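Here the structure comes first, spelled out in structure tokens, and everything after it is commentary.
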Amino acid sequence: METLYSLPGCRVDRVTHGSSAPAAARSRRSTERNRKPSPLPRHIEIRQRRLPATLSAALKLARKRAGMTQAEAAEGIGIAPEVYGRMERGGVLPSVPTLLRMCLILGSGPHELMGFAEVEPRQSAPGVNTMPPA
């Protein structure tokens with residue numbers, strides 16, 4: 002213990018904890034030691050980590066291929082334009098129902114949007130990218 006300062010009737014001490022390393026470094030080390038190995042194969046972990054960037058690039062290509070603005074795509078999908086913009090920038094991933102609506106509105110399959118296949122040029126007639134009546 003180190004005395005920082007002392008006044009009559011009062012003393013302020015600094016308490017040191019067994020290590021001279023900063024708290025953040027101590028915390029990081031214990032986390033690394035206690036980390037369990039992932040049950041997923043490495044190639045799946047990598048693909049999962051890259052999913053936001055993969056989806057964002059595919060969304061942008063599919064939207065441009067459909068000839069839509071972000072606002073038009075968001076309106077068709079039923080989400081706020083700000084949320085769609087975040088998805089296109091890789092900041093947010095869609096829920097499964099939202100992904101389904103994206104596929105229908107943008108005329109792309111989930112395999113394209115999730116990076117299992119390239120976004121193909123449009124081969125169908127305009128107007129096919131609307132959702133069927135409920």
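135 is the number that the numbering used here gives the last residue of the sequence shown; the numbers go up by one with no jumps.
Each residue gets a CB set at the ideal place from its N, CA and C atoms; glycine is no exception.
This one's a predicted model, so the numbers in the text were calculated from it and none came from an experiment.
### Task
Can you tell me which of the three DSSP states M69 falls into?
Position 68 of the sequence shown, counted from the first residue, corresponds to residue 69. In this structure, M69 counts as coil in the three-state DSSP scheme.
- Query: Is the beta carbon of R102 less than 8 Å from the beta carbon of I78?
  - Reply: For the purposes of this step, residue 102 is taken as the residue at position 101 of the sequence shown. For the purposes of this step, residue 78 is taken as the residue at position 77 of the sequence shown. It is a contact, given that the beta carbons lie within the stated cut-off.
Tell me whether R87, by its Cβ, gets closer than 7 Å to a heavy atom of the ligand FAD. The model depicted lacks the ligand FAD and carries no ligand whatsoever.
Return helix, strand or coil for S57, following the three-state DSSP convention.
As a position in the sequence shown, residue 57 is number 56, starting the count at 1. Helix, per DSSP.
Could you give the DSSP three-state label for V120: helix, strand or coil? Here residue 120 corresponds to residue number 119 of the sequence shown, with the count starting at 1. In this structure, V120 counts as coil in the three-state DSSP scheme.
* Should A59 be labelled buried (16 or more other beta-carbon atoms within 10 Å of its own) or exposed? -> Working through the sequence shown from its first residue, we reach residue 59 at position 58. With 16 or more Cβ atoms within 10 Å of its Cβ, A59 is classed as buried.
Handout entry: C-alpha gap between A1 and N35, whole angstroms
Key = The question about residue 1 has no answer, for the chain in this structure spans 2 to 135.
Tell me whether R50 sits in a helix, a strand or coil according to DSSP, three-state version. Numbered from its first residue, the sequence shown carries residue 50 at position 49. R50 falls in the helix class under three-state DSSP.
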